[in-house]
Ligand SMILES: Cc1cc2nc3c(=O)[nH]c(=O)nc-3n(C[C@H](O)[C@H](O)[C@H](O)COP(=O)(O)OP(=O)(O)OC[C@H]3O[C@@H](n4cnc5c(N)ncnc54)[C@H](O)[C@@H]3O)c2cc1C
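Numbering (the numbering used here), first residue to last: -7 to 508.
Okay, structure coming up:
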């Protein structure tokens, strides 16, 4: 891959109301004046998303002289166009859905199943909360932490220098933390017809009547369900045979059913042939696709592209710095060092585990390895993830497929949420916990949890896997009743029952014959 491709131009933040003005005042103040560079920095970080912010704050906190360069919005995708706005939207759409279901399911006030609310107000709530959170990632806060913050595009000009805004920064170590963006598939007519991505969808102030979402991965499923719950007629398209292709198929099936129940129209196994504009000012988008040899069309007001991510490697001067990269991102070794031993990379630009918590954890590794000759390895991290659909799907450790590829033999324990009292009482018993254990032992290698709040509940499993706490020990932990978290204890009890072999049963039978 060559750097000839121009750097991706980020989209503006809209609407410019008081909340977004506060956001911008924090994450890209118009009046910001870049500092005079120090003669040499211990660390220069390019990219002010989670990976860059954690690298810069951590290094400065330890006393290093640090510069941080951000071309667009401090906080990166997570704060501005990712986790934060999406979870704000998801919360609002859940409230709407709960209100609609209250009458039928809980004897609450009857609300018409088709009734909709004030989408503009829901989005304003999201913008207000995002602006409030943004203070943590603000340029002035980082300045206060002792970081020299440069707003502008950074590019390497040699293996030890970076240019930003006409100034040259010399470094002992540099960190590439430039993240990624939505990958846009080469569908004929898509660019001309216009489309939304995660960079623009959160700018909406009016609810689309009809939305086509391309891609049924985590972002596509979260957004499709959320818009459907707001009242949009959503069509979700994917080339694969089911949604969430990387998850346990039973988990994906539950989410697929939940999407259908919420009114999402699913078109799977499709090949998208073209997108074209039609109607007044070509405002309507016609998405033409093929399924099972049949040509079909769906018309929408917007098309949201959620078909994977592309790393931000263009226009960075990586070649001048001797840093190898490809269309998959910057190449790093297990210590997150690039082909230039002074330069490290972390976060979405350098990993396939594209989550905020990975960016954070990798940045901590970079600080140790780059500044203190540490030997921490990225492969040693236990990385969980969660898709925030209703129900949520959370996973940590090995999947069954990973284990098979590694030639590991497994024992698997599955507990349905329909056996957990609290899940039944909550009306949220569509789900399960599945644990993969190293065969013949209680060592947990991986687990998938499908539950209303799976993301919150998976923490205990993360602790167990990270610190080698076996299922036997979990069986001895008292969990409060009634909670959905009891599902893990139930899994431990189920595993313990498998220890009751015929021989053990015989021994017990003998004991109870004499113990009268
Ligand atoms: C819709 C959506 C929802 C998501 N939800 C979740 C979730 O719920 N949980 C979760 O864990 N993860 C979620 N993610 C993923 C998460 O946002 C990313 O994993 C995380 O933001 C990665 O952080 P990063 O620092 O590597 O990159 P980014 O956040 O992308 O930050 C990179 C920064 O580098 C800047 N930059 C790029 N090039 C240059 C340059 N040349 N000079 C200066 N600056 C530059 C960019 O402007 C950007 O600010 C979601 C993502 C999306 C899109």
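Glycine residues also receive a C-beta, built at the ideal position from the N, C-alpha and C atoms.
None of the values given here were measured: they were computed from a predicted structure.
- Remark: the shortest separation between the CB of residue 494 and any heavy atom of ligand 1 does not fall under 7 angstroms.
- Inclusion of residue 80 and residue 32 in the CB contact set at 8 angstroms is not warranted, their separation being larger than that value.
- Counting the other CB atoms within 10 Å of its CB gives residue 455 a total below 16, which places it among the exposed residues.
- By the C-beta density criterion, residue 110 is exposed, having fewer than 16 other C-beta atoms within 10 angstroms.
- It is roughly 12 angstroms from the alpha-carbon of residue 70 to the alpha-carbon of residue 350.
- If you check the CB distance, residue 156 and residue 61 come in under 8 angstroms.
- Short note on residue 381: C-beta not closer than 7 angstroms to any heavy atom of ligand 1.
- A distance criterion of 7 angstroms places the beta-carbon of residue 159 beyond contact range of ligand 1, judged by its closest non-hydrogen atom.
- The distance from the Cβ of residue 165 to that of residue 309 is about 16 angstroms, inconsistent with a contact at the 8 angstroms cut-off.
- With distances taken between CA atoms, residue 27 lies nearest to 161 out of 65, 90 and 161.
- For residue 38, the shortest C-beta to heavy atom distance toward ligand 1 is below 7 angstroms.
- When the five nearest sequence neighbours on each side are left out, the beta carbons in the same chain lying within less than 8 angstroms of the beta carbon of residue 275 are those of 269 and 293, in order along the chain.
- The criterion of a C-beta distance shorter than 8 angstroms is not satisfied by residue 330 and residue 341.
- Here residue 140 carries a strand assignment [DSSP, helix/strand/coil].
- By DSSP's assignment, residue 269 forms a beta bridge with 277.
- Residue 487 sits in a helix when the DSSP states are folded into three classes.
- Counting along the chain, residue 130 sits inside no beta strand (DSSP E), nor does DSSP assign it H or E at all.
- The continuous stretches of beta strand (DSSP E) do not include residue 176, and DSSP gives it neither H nor E.
- In this structure, DSSP gives residue 206 an extended state, which the three-state scheme calls strand.
- Listed as beta-bridge partners of residue 294 by DSSP are 203.
- With 16 or more other Cβ atoms from the protein chains shown falling within 10 Å of its own Cβ, residue 386 counts as buried.
- Ligand 1 has a heavy atom closer than 7 angstroms to the beta-carbon of residue 78.
- Proximity to residue 141 across 493, 400, 44 and 336 peaks at 44, based on C-alpha coordinates.
- With fewer than 16 other CB atoms across the displayed protein chains lying within 10 angstroms of its CB, residue 473 is exposed.
- Taking 8 angstroms as the cut-off, the beta carbon of residue 279 is found no closer than this to the beta carbon of residue 297.
- Residue 441 and residue 371 have their C-alpha atoms some 23 angstroms from each other.
- Within the model, the alpha-carbon separation for residue 305 versus residue -1 is close to 8 angstroms.
- Nearest neighbour of residue 256 by Cα position, chosen from 263, 262, 264 and 247, turns out to be 247.
- For residue 436, the secondary structure class from DSSP, reduced to helix, strand or coil, is strand.
- Within 10 angstroms of the beta-carbon of residue 40 lie 16 or more other beta-carbons, which makes it buried.
- For residue 114, same chain residues with a beta-carbon under 6 angstroms away, outside a window of 5 residues either side, are 84 in chain order.
- With fewer than 16 other beta carbons inside 10 angstroms of its own, residue 333 counts as exposed.
- Taking residue 154 as the centre and dropping the five residues before and after it, the same chain places the C-beta of 36, 146, 148 and 161 closer than 6 angstroms to its C-beta, in chain order.
- Between the alpha carbons of residue 224 and residue 461 lies a gap of roughly 45 angstroms.
- Taking residue 368 as reference, the option from 336, 261 and 380 with the minimal CA-CA separation is 336.
- Just so you know, the alpha carbons of residue 99 and residue 414 end up roughly 19 angstroms apart.
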